[in-house]
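Reviewing the structure listed below.
Residue numbers (the numbering used here): 31 to 491.
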């Protein structure tokens, strides 16, 4: 075709035109077809356009130089275009890998449990590679069982997996990732991406294990602190009643003093009071242990609140002798489904707290009323107001508002009240009111959907 233009076009122009098929071959089919096109163009140009025509012989030196330069330029051009094409393909491959990695990392980042990590890794692996099925199996380790997560496009495949890769961190193996490819094997780029997937999954599993380990360490540290605080508080609190009991017993056993009946009665009363105090301390410790272990299960039966309150008042008569207790409970209060002993302990702890913080000679009042499906109980004392930022904290273990050496106690009483009331399905809180400080708590009036019977008459003696 170009021979028709030969008189007007010089060989230099035709050489440039012959470079076009070299460029197109390289762009469309790659480096090897481009170099092959360069040699074919070299032979065609020599055969058709250099004298003698229709032969591969070259007589003129300048034609030989032109032919050699053409071959060099054509081959170099094919190589350059081929390299550019290869670079573009590599860039697209890297972009694809980066996109898949970003999607996986974004999906793994918020996860906080190992089964979810295994499932996400299996799902993203199946989406990224042409797989019929992917399985991610984690190793059984202390505190974590072995887990197998499966991502399958169809039914479970029975044959052996096409590819396997260990899910490793720099320190240890976390599991294995198995792939069933739809066809063929993984390319080098796919193998590299699969390795990156496995490494990222291993890092996520390791991160979760480290977070759990750190939380366990923090819990152990907090537990040790609580144990130390408890031991310090209990050891200090136990000394007082034990010392009083020992002193009273030693006095009674003394042969040098002849105690008369009133004096012996006073010493025996001291022993009884301090024994009750010890019993309360030990009971609080046991109750706190049951609350923390989740073993506190109230045995709820229908009870009259009047009976519980007056029973507690009778037990604490000696402790309340320096305060004026007023019990203001309507006679028509409905029965309440409660654990009699637990709610009695709540009143004992609240009254003990009021006795400690309210000045001698002040009033303590217990009142109650019904509100919708709840019994609302109030215990008010005339202790100083509590700072607002402490109101929600006074029901925490060992929390004190005043200096520890000014008020005795283990610091567990109000925390036990909170656990017992919540075990009944109620709520407890505290509030400052004009001239007094008030504990509030509620108790549900229904038991398994049943309403209470009519109230019973209570003899308050």
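The beta-carbon is built from N, C-alpha and C at its ideal position, and this holds for glycine as well.
- Sequence-distant partners of residue 130 (beyond 5 residues in either direction) whose C-beta falls short of 6 Å from its own C-beta, in its chain, are 158.
- For residue 155, the uninterrupted alpha helix (DSSP H) run begins and ends at 144–158, by DSSP.
- By the neighbour-count definition (other C-beta atoms within 10 Å, threshold 16), residue 411 is a buried residue.
- Distance from the CA of residue 337 to the CA of residue 290, rounded to the nearest whole angstrom, comes to 38 Å.
- With fewer than 16 other CB atoms across the displayed protein chains lying within 10 angstroms of its CB, residue 241 is exposed.
- Distances from the alpha-carbon of residue 225 to those of 196, 203, 234 and 269 put 196 closest.
- For residue 383, the enclosing alpha helix (DSSP H) starts and ends at 370–387.
- The bridge partners DSSP lists for residue 467 are 411 and 462.
- Note that the region 361–368 touches the region 397–409; at least 3 beta-carbon pairs, one per stretch, sit closer than 8 Å.
- Around the beta carbon of residue 422, a 10 Å sphere encloses fewer than 16 other beta carbons of the protein chains shown; the residue is thus reported as exposed.
- The three-state secondary structure of residue 117, taken from DSSP, is helix.
- Under the 8 Å Cβ criterion, the region 294–309 does not count as touching the region 327–341, having fewer than three qualifying pairs.
- The shortest C-alpha to C-alpha distance from residue 361 to any of 349, 345 and 340 is the one to 340.
- Considering only 148, 175, 127 and 66, the residue with the shortest C-alpha distance to residue 222 is 127.
- Relative to the Cα of residue 160, the nearest Cα in the group 292, 220 and 228 belongs to 220.
- Separation of residue 450 and residue 374 (C-alpha to C-alpha, rounded to the nearest whole angstrom) is 10 Å.
- The beta carbon of residue 466 sits closer than 7 Å to the beta carbons of 410, 411 and 412 from its chain, once the five residues preceding and following it are set aside; these are given in chain order.
- About 7 Å separates the Cβ atoms of residue 390 and residue 353, confirming a contact at the 8 Å cut-off.
- Taking 7 Å as the cut-off, the beta carbon of residue 235 is found no closer than this to the beta carbon of residue 105.
- Residue nearest to residue 355 within the set 395, 313 and 269 is 395 (criterion: CA-CA distance).
- Put simply, the backbone Cα of residue 62 is about 17 Å away from that of residue 118.
- Taking the CA atoms as reference points, residue 59 sits about 41 Å from residue 233.
- In this structure, residue 169 lies away from residue 191, with their beta-carbon atoms at least 7 Å apart.
- In the three-state scheme derived from DSSP, where H, G and I count as helix and E and B as strand, residue 424 is classed as coil.
- Between residue 370 and residue 294, the alpha-carbon positions lie close to 35 Å from each other.
- Annotated three-state conformation of residue 205 is strand, per DSSP.
- Around the Cβ of residue 271, a 10 Å sphere holds 16 or more other Cβ atoms; the residue is buried.
- A residue is called buried when at least 16 other Cβ atoms come within 10 angstroms of its Cβ; residue 286 does not meet this threshold and is exposed.
- Rounded to whole angstroms, the separation of the alpha carbons of residue 475 and residue 303 is 35 Å.
- Beyond the five residues adjoining it in sequence on each side, residue 384 comes within less than 6 Å, by CB distance, of 394 and 411 in the same chain, given in chain order.
- Boundaries of the beta strand (DSSP E) harbouring residue 166: 161–168, taken from the DSSP string.
- Residue 448 is classed as buried because its beta carbon has at least 16 other beta carbons within 10 Å across all chains shown.
- Annotation for residue 327: 453 place their beta carbon closer than 8 Å to its own, counting only its chain and skipping 5 residues before and after.
- Around the beta carbon of residue 379, 16 or more other beta carbons sit within 10 angstroms, so the residue counts as buried.
- If you look at residue 445, you'll find it in the alpha helix (DSSP H) that goes 443–453.
- Spanning the alpha carbons of residue 249 and residue 399 requires a straight line of approximately 41 Å.
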